[in-house]
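*Asks:* Dropping the structure in here first, questions after.
Laid out in structure tokens, this is it:
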């Protein structure tokens, strides 16, 4: 949705966004520079929220995953409202939600799973496949996980494009609802097993 609706500006792929900032700095177009910098800092802020709420690198009941998901849901709803209203500040909230989500996945996966980019996944999969030529055995479980993540990322991109084509920025309410459902499910499950 970000690539389709934010002047083709990603709110989650920070390598490209940081490069774009570097390209724009010499132009001294302060409005564009502010916007790009805002996206970078918003992503960082979202990750900071997750860093405050969650610690450790293993999934463990009792952690504040539900709180993080609830905050992400609220931030996505606010982002949708701002973007539908024509405010570019919605881009910042969408980026913060991505940072929160990415950090949330990192804290329970030990940095194996990233949700906002797949560069590292393709790199790790390539290394694994290349090592086969050196005679190493393929870690099938890990390869399946990587392929599942790549497929899910592509499927998510397709779903986002279709939803955006139909609903524009209101489509952000769908991941907001998913986050809310996951937060409630986690809360109920963790209280039932504590």
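In my numbering, the protein residues as written are 3 to 196. Virtual Cβ for every residue (Gly too), placed ideally from N, Cα, C.
1) Which of the three DSSP states, helix, strand or coil, is assigned to residue 54?
2) Quick check: what's the CA-CA separation for residue 27 versus residue 161?
3) Could you name the residues of the same chain whose beta carbon sits closer than 7 Å to that of residue 145, not counting the 5 residues immediately before and after it, in chain order?
4) Counting only the same chain and skipping the five closest in sequence on each side, list residues whose C-beta sits under 6 Å from that of residue 35.
5) Roughly how many angstroms lie between the CA atoms of residue 125 and residue 138, to the nearest whole one?
6) CA-CA distance, residue 51 and residue 15?
7) One question on the structure: do residue 82 and residue 172 come within less than 8 Å of each other, judged by their Cβ atoms?
8) Taking buried to mean at least 16 other C-beta atoms within 10 Å of its own C-beta, is residue 68 buried or exposed?
9) Since residue 152 contacts residue 120 with CB under 8 Å, what's their CB separation in whole angstroms?
10) Does the CB of residue 154 have a neighbour CB from chain D at under 8 Å?
11) Using DSSP with H/G/I as helix, E/B as strand and the rest coil, what is residue 169?
*Replies:* In terms of the structure at hand:
1) helix
2) 34 Å
3) 127 and 130
4) 26
5) A straight-line Cα-Cα distance of about 17 Å links residue 125 and residue 138.
6) 19 Å
7) Closer than 8 Å, so yes.
8) Residue environment: residue 68 is assigned as buried (16 or more neighbouring CB atoms within 10 Å of its CB, all protein chains considered).
9) 6 Å
10) This model lacks chain D altogether, as it is built from one protein chain only.
11) helix
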